[in-house]
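Everything on this sheet refers to the single structure shown next.
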Amino acid sequence: MDAVQKANSGHPGAPMGMADIAEVLWNDFLKHNPENPQWYDRDRFILSNGHASMLLYSLLHLTGYDLPIEEIKNFRQLHSKTPGHPEIGYTPGVETTTGPLGQGLANAVGLAIAERTLAAQFNQPDHEIVDHFTYVFMGDGCLMEGISHEVCSLAGTLGLGKLIGFYDHNGISIDGETKGWFTDDTAKRFEAYHWHVVHEIDGHDPEAVKKAILESPEREGQTLADYLPYGDRLWFAE
Numbered sequence: 001m002d003a004v005q006k007a008n009s010g011h012p013g014a015p016m017g018m019a020d021i022a023e024v025l026w027n028d029f030l031k032h033n034p035e036n037p038q039w040y041d042r043d044r045f046i047l048s049n050g051h052a053s054m055l056l057y058s059l060l061h062l063t064g065y066d067l068p069i070e071e072i073k074n075f076r077q078l079h080s081k082t083p084g085h086p087e088i089g090y091t092p093g094v095e096t097t098t099g100p101l102g103q104g105l106a107n108a109v110g111l112a113i114a115e116r117t118l119a120a121q122f123n124q125p126d127h128e129i130v131d132h133f134t135y136v137f138m139g140d141g142c143l144m145e146g147i148s149h150e151v152c153s154l155a156g157t158l159g160l161g162k163l164i165g166f167y168d169h170n171g172i173s174i175d176g177e178t179k180g181w182f183t184d185d186t187a188k189r190f191e192a193y194h195w196h197v198v199h200e201i202d203g204h205d206p207e208a209v210k211k212a213i214l215e216s217p218e219r220e221g222q223t224l225a226d227y228l229p230y231g232d233r234l235w236f237a238e
């Protein structure tokens, strides 16, 4: 909040709404190495709703990446390592550039395809050198975009079992409540794509979040965790 306020620019609501679920993912599940951000078998974390970039920068700073507090304080400033939207090759630990809604989701599907392709090529029965997950955060805006339909249908067709999506289902966009212009039963849509859907998780309940994540590795298919940010949703800030 302080960094966004100091910049007098940015999105404080989305990072706060997703922070609890990110804390569980990064502390208990995400396989990564802050001292070697390019470690080849790391899990991939994609923030498709890239306007929530302060969430990602906070995670990178707190987990030991080369992103000092001075860069956090310079959020959205010229030449800082914390631009308004994440940019690959600019900030250590950022996997892909996101900004246009839905783009990061497409990148995540591509990364999951790459993991499967490389695993098939290089893994041996007694030695697996490629074995990682792709996690993607997405919001209502991401799933309004046409590209979300295309790539999620592809993921379901291919049965990408190491792809887990977290849907921040708060019904809010920068223009207000989405119910005024968007009608979609997202859970049923993803079930039609042959995704495993974990319905309406309380995004502030760590045990519910853990349970949802643990469901995925046992399945031969990708998972969508449809979570609701219960409690104060900061309607003004999203």
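Under UniProt numbering, the residue at position 15 of the sequence shown is numbered 15, and the numbers go up by one with no gaps.
Just so you know, even glycine gets a beta-carbon here, dropped at the ideal spot from N, CA and C.
Quick caveat: nothing in here was measured; it's all calculated off a predicted structure.
Here's the rule: buried if 16 or more other CB atoms are within 10 angstroms of the residue's CB, otherwise exposed. What is residue i?
i	result
A120	exposed
N36	exposed
E238	Any reading at E238 must be qualified, since the residue scores a pLDDT of 26, below 50, and its modelled position is unreliable; the value itself is stated next. Buried: at least 16 other Cβ atoms inside 10 Å.
T157	exposed
Helix, strand or coil: how does DSSP classify residue i here?
i	result
V94	coil
S48	coil
Q124	strand
I88	coil
Y65	coil
L55	helix
S148	helix
T183	coil
V209	helix
Below 8 Å on the Cβ atoms is my guess for residue i versus residue j; work out the distance and round it to an integer in Å.
i	j	result
G171	K179	6 Å
L55	L47	7 Å
G64	P34	4 Å
M138	L111	Going by Cβ atoms, the distance from M138 to L111 rounds to 14 Å, so no, they are not a contact pair.
T91	L67	7 Å
K210	D28	6 Å
Quick one, which of the options has its alpha-carbon nearest residue i's?
i	options	result
V94	P86, V151, S153	P86
D131	F137, G141, C142, R116	R116
G141	S173, L118, P125	S173
Y135	G203, L30, M18	L30
L101	N49, L160, N74, E71	N49
DSSP puts residue i in a beta bridge; with which residues?
i	result
S173	G176
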